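Chemist:
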Amino acid sequence: MHLKLTGLMSRLHLFQIFLLLTSLAGCSSFSVMNFEVMRPAGYSVPPEIKSVVLVDNSIVFPDTNVSIIMLDKEIIKVDTTKVADYSSHVLNTIRDELLSRMFFDTVYVDTIQYKKISRGAALGKLSYNQIQNICSKFGADAIISLDAYRYTNNISIQTLIDYDEYYSTYDASAINYWRIYDCFNMSILNFHLQQDTIFWDNIGSTLNGSLNPFISFDKATHKIGSYLSYQMVDYLVPYWEEVSRNLYTSGSMHFLNASDWVNRGNWEEAEKIWNYIYSNSSKKAKIKAALNLALAFERYGDIDEATDWAYKVYKILEENDTKTNSDINRYAVDYYINLSKRKQEYKKLIEQLGE
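Each residue of the sequence shown is one higher than the last, beginning at 29 in this note's numbering.
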C-alpha cells in the first residue's frame, strides 16, 4: 500500500531533520535537540484504498446568530451573514494537503452539493445510488464526505474601568462531521466529528482600538476551517511532529568528550562513552548517560531500544522514590512515558505505511 511513502520511512529511521541548539545559558547542563518524528493517523485507512474523492454532502445550518459581539456581557451586534464557500474551502484545503503528502495515488473534489434541504435531514448520509454514482464517476476507492458543519464567531469586549482600557477576545469555532464510504461495497467505513476553536485577544485605549487588529468574520471562519482541515488530514494519514529532547553535556570530562563527538556527527563514539559512564559512575551520571543513549536510539528509529534505556532511568527513580525531585527526574519520567506511547503507536504506523 502507498509505495510513495518509502522515502518517508527512511526519514523515520534516520531522523535527519535535526537542529542542535548549542547556546548554553548559565549553569545549564544540557542542550536541546529539536527534530521530527512520524505519528500514526487517527484512523487506519484500509490498504486497498489508493484513490479518494472529497464530497460536499452538507447543507447551510439554520442558525441566524452566526457572529456575535458583546460589550460587558450585553449583545451589541449580531451578524447573520454566512460564509458561502466554507465547505468548498475545507474540501479544497484537504485535497491540497493530501496531495502534498502523497499518501493516496489520486485525490479528487466533487463540485456537486448532494444534500437537498429537507426537514430532519441535516445529518443525512449519502444514498446507496449516490455512493455508487460518485465512485463510478471518479474511479475512486473511497468517498470522504463532509456531511454537516456549523461555525460561529464571538467577540467579547470587557471594560477595564481601573485602567481606562478595553480588553477584547475573539473566538472562531467550528464543527465538521464526516463519513468515509467504501466504494468496494458501498458501506460506511468510518465517521468522525471535529470540534475546535481558535482565539485572539487585544487591549486598546478605545473600544475600536481593541478591535482593530482582529480579522473579519469571513477570514476568521476560513482560518478555523483551514485549521480543522489540517487536523482532518492528520486523522487520515501519518504526519510529522516536532519534538524536543535534552542532550546532557556536562558532569565530567567524559560527558564533554561525548558532546564533542556528537558535534562532529559521530554518535557511535559518543555512545561508547555514555555506555562507559553508565557502567562505571554514580546514579546521577548513570541517569544522564542512559537518557543520552535513549535519545541516540530514538534518533536511529530504534524505539524499542530507546524505550529500554529510558526505562532503566525510570526504574532507578522509582526505586529511590525520586521521580519528581528535580527537573531532570521529571524530564526522565515524561520522556519514558512519551517513548512508551511511541512504542505502542509504532505497529499502527508501520501498518499505515504499508511496510
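In this text, a Cβ means the ideal position worked out from N, Cα and C, and glycines have one as well.
Keep in mind that this is a model prediction, so the values were computed, not measured.
Suppose only complete runs of 4+ residues qualify. What are the alpha helix (DSSP H) ranges in the region 155 to 180, listed by chain order?
Modeler: 156 to 166
Chemist: Less than 6 Å between C-beta atoms, sequence neighbours within five positions excluded: which residues of the same chain meet that for residue 373?
Modeler: 68
Chemist: Among residues of its own chain, excluding the 5 on either side of residue 215, which ones have a beta-carbon nearer than 8 Å to its beta-carbon?
Modeler: 209
Chemist: Measure the C-alpha to C-alpha separation of residue 362 and residue 314 and round it to an integer number of angstroms.
Modeler: Cα to Cα, the separation comes out at about 17 Å.
Chemist: Cβ of residue 281 less than 8 Å from any chain D Cβ?
Modeler: The structure shown contains no chain D; it is built from a single protein chain.
Chemist: Kindly provide the ranges of any beta strand (DSSP E) runs that are 3 or more residues long and lie completely inside the region 94 to 139, ordered along the chain.
Modeler: You should have 95 to 99, 102 to 107.
Chemist: Does residue 293 pass the burial test, meaning 16 or more other C-beta atoms within 10 Å, or should it be called exposed?
Modeler: exposed
Chemist: Smallest Cα separation from residue 283: which of 142, 65, 321?
Modeler: 321
Chemist: Measure the alpha-carbon distance for residue 163 versus residue 134 and round it to whole angstroms.
Modeler: 13 Å
Chemist: Under 6 Å Cβ to Cβ from residue 106, same chain only, skipping five residues before and after it: list those, please.
Modeler: 93, 96
Chemist: If you check the beta carbons only, do residue 170 and residue 80 fall under 8 Å apart?
Modeler: yes
Chemist: Exposed or buried, residue 221, counting other C-beta atoms within 10 Å across all chains shown (16 or more means buried)?
Modeler: exposed
Chemist: Tell me the DSSP secondary structure of residue 238 in three-state form.
Modeler: helix
Chemist: Closer than 7 Å by C-beta to residue 218: which residues in its own chain qualify, once you throw out the five before and the five after it? Chain order, please.
Modeler: 71, 208
Chemist: Using a Cβ-Cβ cutoff of less than 6 Å, which residues in the same chain neighbour residue 267 once the five nearest sequence positions on both sides are dropped?
Modeler: Correct list, in chain order: 67.
Chemist: Thinking just about the alpha-carbon of each residue, which of 192, 200, 111 is nearest to the one in residue 238?
Modeler: 192
Chemist: Can you tell me whether residue 232 is helix, strand or coil according to DSSP?
Modeler: strand
Chemist: Quick one: measure Cβ to Cβ for residue 206 and residue 185, integer angstroms, because I've assumed they're closer than 8 Å.
Modeler: Actually they do not touch by this definition, with Cβ atoms about 35 Å apart.
Chemist: Name the one or two DSSP bridge partners that residue 250 has.
Modeler: Its beta-bridge partners do not exist; DSSP assigns none.
Chemist: Could you spell out the range, first to last residue, of the alpha helix (DSSP H) harbouring residue 69?
Modeler: Unbroken run through residue 69: none, as it is neither H nor E.
Chemist: Can you tell me which of the three DSSP states residue 92 falls into?
Modeler: Under the three-state reduction of DSSP, residue 92 is assigned to coil, being neither helix nor strand.
Chemist: For residue 381, is the classification buried or exposed, using 16 other Cβ atoms within 10 angstroms of its Cβ as the cut-off for buried?
Modeler: buried
Chemist: Hey, would you say residue 142 sits closer than 8 Å to residue 213, going by beta carbons?
Modeler: Not in contact: residue 142 and residue 213 (Cβ atoms no closer than 8 Å).
Chemist: Leaving out five residues on either side along the sequence, give the residues of the same chain with a beta carbon under 8 Å from the beta carbon of residue 100.
Modeler: 185, 186, 187
Chemist: Taking just the CA atoms, how far does residue 176 sit from residue 236?
Modeler: 35 Å
Chemist: If I follow the unbroken alpha helix (DSSP H) through residue 387, where does it start and stop?
Modeler: With the chain covering 29 to 383 only, the question about residue 387 has no answer from this structure.
Chemist: By Cβ distance, which residues of its chain are closer than 8 Å to residue 168, with the 5 residues on each side in sequence left out?
Modeler: 79, 80, 81, 134, 136, 162, 211
Chemist: Do you know how far the Cα of residue 272 is from the Cα of residue 302?
Modeler: 20 Å
Chemist: Terminal residues of the continuous alpha helix (DSSP H) containing residue 83?
Modeler: Where residue 83 is concerned, there is no enclosing alpha helix (DSSP H), although the beta strand (DSSP E) it sits in stretches over 79 to 84.
Chemist: Quick check on the DSSP output: what are the complete beta strand (DSSP E) runs of length 3 or more inside the region 272 to 358, in order along the chain?
Modeler: none
Chemist: Should residue 358 be labelled buried (16 or more other beta-carbon atoms within 10 Å of its own) or exposed?
Modeler: exposed
Chemist: Leaving out five residues before and five after residue 290 in sequence, what residues of the same chain have Cβ atoms less than 6 Å from its Cβ?
Modeler: 298
Chemist: Bridge partners for residue 207 per DSSP, in chain order?
Modeler: The beta-bridge partner set that DSSP reports for residue 207 consists of 173, 219.
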